[in-house]
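This report concerns only the one structure given below.
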Amino acid sequence: MDYLQIKGGAKLQGNVTISGSKNAALPIIAATLLSDKEATLTNLPNVVDIRTLLKLLKMLGGEVEHDNTVAKINNASINSTKAVYTIVSQMRASILVLGPLLARFGECEVSLPGGCAIGQRPIDLHLKALEAMGAHIEIKGGYVHAEAPDGLHGAKIIFDKVTVGGTENIVMAAALAKGVTTIINAAKEPEVVQLCEMIRDAGVEMEGVGTDTLIIHGTDRKPLKFKDTTVIPDRIEAGTYLCAAAITKSSITLDKVNAEHIRTSISKLESMGCSFDIKKDEITIYPTETIKPVSLITMEYPGFPTDMQAQFMAVAVIANGESLIEERLFENRFMHVSELNRLGADIWLKGNIAAVHPVQELYGADVMATDLRASSALVLAGLVANGTTNVHRIYHLDRGYDNLEGKLAQLGADIVRLKE
Ligand code: EPZ
Numbered sequence: 375m376d377y378l379q380i381k382g383g384a385k386l387q388g389n390v391t392i393s394g395s396k397n398a399a400l401p402i403i404a405a406t407l408l409s410d411k412e413a414t415l416t417n418l419p420n421v422v423d424i425r426t427l428l429k430l431l432k433m434l435g436g437e438v439e440h441d442n443t444v445a446k447i448n449n450a451s452i453n454s455t456k457a458v459y460t461i462v463s464q465m466r467a468s469i470l471v472l473g474p475l476l477a478r479f480g481e482c483e484v485s486l487p488g489g490c491a492i493g494q495r496p497i498d499l500h501l502k503a504l505e506a507m508g509a510h511i512e513i514k515g516g517y518v519h520a521e522a523p524d525g526l527h528g529a530k531i532i533f534d535k536v537t538v539g540g541t542e543n544i545v546m547a548a549a550l551a552k553g554v555t556t557i558i559n560a561a562k563e564p565e566v567v568q569l570c571e572m573i574r575d576a577g578v579e580m581e582g583v584g585t586d587t588l589i590i591h592g593t594d595r596k597p598l599k600f601k602d603t604t605v606i607p608d609r610i611e612a613g614t615y616l617c618a619a620a621i622t623k624s625s626i627t628l629d630k631v632n633a634e635h636i637r638t639s640i641s642k643l644e645s646m647g648c649s650f651d652i653k654k655d656e657i658t659i660y661p662t663e664t665i666k667p668v669s670l671i672t673m674e675y676p677g678f679p680t681d682m683q684a685q686f687m688a689v690a691v692i693a694n695g696e697s698l699i700e701e702r703l704f705e706n707r708f709m710h711v712s713e714l715n716r717l718g719a720d721i722w723l724k725g726n727i728a729a730v731h732p733v734q735e736l737y738g739a740d741v742m743a744t745d746l747r748a749s750s751a752l753v754l755a756g757l758v759a760n761g762t763t764n765v766h767r768i769y770h771l772d773r774g775y776d777n778l779e780g781k782l783a784q785l786g787a788d789i790v791r792l793k794e
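Numbering-wise, the sequence shown is residues 375 to 794 according to our numbering.
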C-alpha cells in the first residue's frame, strides 16, 4: 500500500492545471449506456473511480478505449445488465448505471451500495422515483432487481431531499422513458447541469436545466447519439488547491478552472483574508498572513459544498480565532477531526457541529485517511505541520484526486509517495 510523506513548511508557487471533474465524469460515463453509438469523452480525470466505472461498462459488454483523459465508449454490444458487488462495493457511484440500464433494457440488477465512511447514504429516493416511473423493484440477495418490461413512463417526481445521484439517475431514466417526467426539488450542481446538457444535446427535449424543476421529454426507448463531451473542471480539486495556498500562505494560479462553480469557496476564503484575481478560466489567490476564523454550513449547490468541508477545517485550524463548521448533508463526515487533532489541532465535535479552536502550530505525525476529502485535509495540514507527516491509506485519495502529490510537488511542496 502507498502512503504520502510530507515535510511541512514549504511555500507553494506557480501554476496548477485543474483536471476534469470526477463527479461530472461519472454520470456522463453512465449516460453512455443510453446510446448504441460511440461516444467520445475528453478531459476525464486520471483517477481510480473513473477506471472502475469504465471497467463496469466493459463487464456489461461495452467497448471502451481509454487513454488517461480520453475515452471512446460504444455500448452497442451490452450483453449483461448486472452490476456486480465486486465493482459496486469499490465505488458507490456505480449505482448511476441503474437508471440508464433499466430505461434502455427494461431490466437490470445492481448491487446495493451499502453505507460508507461518511454516512448511511441510502438510495431510497432513486428507487421510489423509478417505481413512480413504472419500475417494479425488489431487493434480493443484496441486489436491486428492477424491471420495466414495457419501458418506463414519464411521472412527476418530488424528491423529499435534494439528491445529486438521485437526480442524475432519474434524468437518465427519463431520457428514454415514454412521455414527460417532471423532477421537483432537483439538484442544481454543475455536474448535474453538465449531464442534462449532454442529454439535451443528444436531442432529448429538456426544460429547467440548472433549476430545481426539470422537465424531460423521453424518447420512448429510442437510444441517443451523443456529441463529443468535454468534462467540466473539477470544482472540488480547484477548491482544494485554493486551500493549499491559503494554509501555506502562498500565492498560486489555477489554470483551466471555472470560477463561477467555486464562488462560495472563494467568498469564504475572502472572509478569511485571502484575495483573488479572477479571469475567465484562471484564478490567482493571494494569501493573508493572519487567517481569520470562518463560520460555514454545508448545503446543496450553490451553498457551501460538503466536499470542501474537511479542507476548510484544515485551514481553520491555523486561523486566529474560533471557527464553527456545521455538516448538514452527511451524518458522519467528521472522521478527519480526530486525525487533525493528532497533528496538534484543537477541534471539538458536538453532533454535526465542529468548533475549531486556534493553535499556534501543528506537528507532523502518522495519520490515516478515511475518505476522499478527509484525506486531502490531512495532506493540507501536513503541508504546514512541523516535521514529517505520513498520510496512510491514500487509496481514498487516488479515487478522486488526479496526481495530487505530483501537482503539489510541482508547486514546491515537499511531498513524496512511498510504499508501506
Ligand atoms: C454526490 O453523492 C457526490 N458523489 C458526493 O461526492 C457529494 O458529497 C454529494 O453528491 C453531495 O454533494 C458523486 O457525485 C459521485 P446525494 P450522492 O444523493 O449523489 C441523502 C466526493 O467526495 N439521500 O446528493 O451520493 C444522502 O444520504 C463525494 O466526491 C437519501 O437520503 O449524494 C445525503 O444525506 C462523496 N436518499 C443527501 O441525501 C437517497 O436516495 C445528499 O446525497 C439519496 C440521498
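Quick reminder that beta carbons are idealized off the backbone N, C-alpha and C, glycines included.
Rounded to whole angstroms, the gap between the alpha carbons of Gln464 and Leu407 is 20 Å. Contact between Leu501 and Val518 holds, with the beta-carbon distance rounding to 7 Å and staying under 8 Å.
The residue from Asp524, Lys456, Pro474 with its alpha-carbon nearest to that of Gly540 is Pro474.
Remark: the shortest separation between the CB of Pro661 and any heavy atom of the ligand EPZ does not fall under 6 Å. With fewer than 16 other Cβ atoms inside 10 Å of its own Cβ, Glu735 counts as exposed.
A distance below 7 Å between beta-carbons, with the five flanking residues on each side excluded, links Ile621 to the following residues of its chain, in chain order: Ala688, Val689, Ile692, Leu754, Leu757, Val758. At a cut-off of 6 Å, the beta-carbon of Ala467 counts as near the ligand EPZ: some heavy atom of the ligand is closer than that. In this structure, the straight-line span from the alpha carbon of Ser395 to that of Lys781 is close to 16 Å. In the DSSP assignment, Glu565 falls within the alpha helix (DSSP H) that extends over 564 to 575. For Asn764, the CB stays at least 6 Å from every heavy atom of the ligand EPZ.
When the Cα atoms are used, His731 and Val711 turn out to be separated by approximately 12 Å. According to the DSSP assignment, Phe686 belongs to the alpha helix (DSSP H) that extends over 683 to 690. In the structure shown, Thr763 falls within a strand segment according to DSSP collapsed to helix, strand and coil.
Here the C-alpha atom of Ala404 lies approximately 45 Å from the C-alpha atom of Gly695. Contact annotation: Ile492 and Asn706 have beta-carbon atoms nearer than 7 Å. Listed in chain order, the alpha helix (DSSP H) runs fully inside the region 597 to 677 are 609 to 622, 637 to 645, counting runs of at least 4 residues. Thr587 is bridged by DSSP to Ile558. Going by C-alpha positions, Ile721 is about 20 Å away from Asn764.
By the CB criterion at 7 Å, Tyr675 and Glu512 fall outside the cutoff.
Under the DSSP assignment, Met433 falls outside any beta strand (DSSP E), being part of the alpha helix (DSSP H) whose first and last residues are 422 to 433. If you check the CB distance, Ile424 and Glu611 do not come in under 7 Å. Annotation for Tyr377: the continuous beta strand (DSSP E) segment containing it runs 376 to 381.
In terms of Cβ geometry, Val583 and Pro607 do not form a close pair [threshold 7 Å]. Rounded to whole angstroms, Met546 and Ala445 show a C-alpha spacing of 20 Å. Annotation: the region 442 to 472 contains the following complete segments of the alpha helix (DSSP H) (minimum length 4 residues), in chain order: 459 to 462. Cβ contact annotation for Leu430 (same chain, cutoff 7 Å, sequence separation greater than five): Ala457, Ile461, Ser468, Val471, in chain order. Asp720 carries a strand assignment under DSSP once its states are collapsed to helix, strand and coil.
Look at Val538: its beta carbon is less than 6 Å from one of the heavy atoms in the ligand EPZ. DSSP places Met546 inside the alpha helix (DSSP H), whose first and last residues are 538 to 549.
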